[in-house]
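Peer 1: Position 14 of the sequence shown, counting from 1, maps to 58 under the numbering used here, and the rest follow consecutively.
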Amino acid sequence: MALSNVRDLYQQVILEHYKKPRHKGQTSPVHRQQRGHNPSCGDTIELTVQLNETGDRIEDVKFVGEGCAIAMASADLMADALRGKQVDEALAMVKRFQGMMKGEDEFPKELRKLNVMQGVAQFPVRIKCANLSWHTIKAALENDQSQAISNEQE
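(1) Can you say whether phenylalanine 141 is buried or exposed, counting buried as having 16 or more other CB atoms within 10 angstroms of its CB?
(2) Does the beta-carbon distance from valine 108 to valine 93 come in below 7 Å?
(3) What's the C-alpha gap between valine 131 and lysine 182?
(4) Suppose you measure from the CA of alanine 134 to the CA of proline 65; what does that come to, to the nearest Å?
(5) Could you give the C-beta distance for isoleucine 89 and arginine 127, rounded to a whole number, given that I count them as a contact under 8 Å?
(6) Where does serine 72 land, buried or exposed, given buried means 16+ other C-beta within 10 angstroms?
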């Protein structure tokens, strides 16, 4: 498949997740809740997380928010990728995803579904958009306190 066809396919997948997100809403019950904001462009997201009874596995992740197609599609793809994962495994995936967006790591097998975000790494100004939900889920999983976070430090 030609490179331009791959880019077109990736753009199509991003737009599909933006227009018809599969994980929009709020989990029930809510075990973790976190709000994230990207001051440079105004993207905002609020994630809710449902954990299993022992609190070590993610049952569900949902989000609500407003922002660009990349930020919202990344949140939807992230929610799909993290469902059913152990919390420590999810935190490791966050670290790998953020490294991939910086060009430090390659997309491993377990993140293959997220390859569509790879093209975003070529546009440094848009990396914050793709990373917003990942910063937010990291804060939600590491804290049981809800507070707004910002990804401005990137």
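Cβ coordinates follow ideal geometry from the N, Cα and C atoms, glycine included.
Peer 2: Once the coordinates are examined:
(1) Residue 141 sits at position 97 when you count from the first residue of the sequence shown. Looking at its Cβ environment, which holds 16 or more other Cβ atoms inside 10 Å, phenylalanine 141 is buried.
(2) Counting from one through the sequence shown, the residue named residue 108 turns up at place 64. Counting from one through the sequence shown, the residue named residue 93 turns up at place 49. Valine 93 is positioned such that its CB atom lies no closer than 7 Å to that of valine 108.
(3) To locate residue 131, count along the sequence shown from 1; it is residue 87. To locate residue 182, count along the sequence shown from 1; it is residue 138. Valine 131 and lysine 182: Cα-Cα distance of roughly 10 Å.
(4) As a working mapping, residue 134 is identified with position 90 in the sequence shown. As a working mapping, residue 65 is identified with position 21 in the sequence shown. Roughly 20 Å between the two C-alpha positions.
(5) Within the sequence shown, the letter at position 45 stands for residue 89. Within the sequence shown, the letter at position 83 stands for residue 127. Contact between isoleucine 89 and arginine 127 does not hold, since the beta-carbon distance rounds to 17 Å and is not under 8 Å.
(6) By one-based count along the sequence shown, residue 72 stands at place 28. Under this definition serine 72 is an exposed residue.
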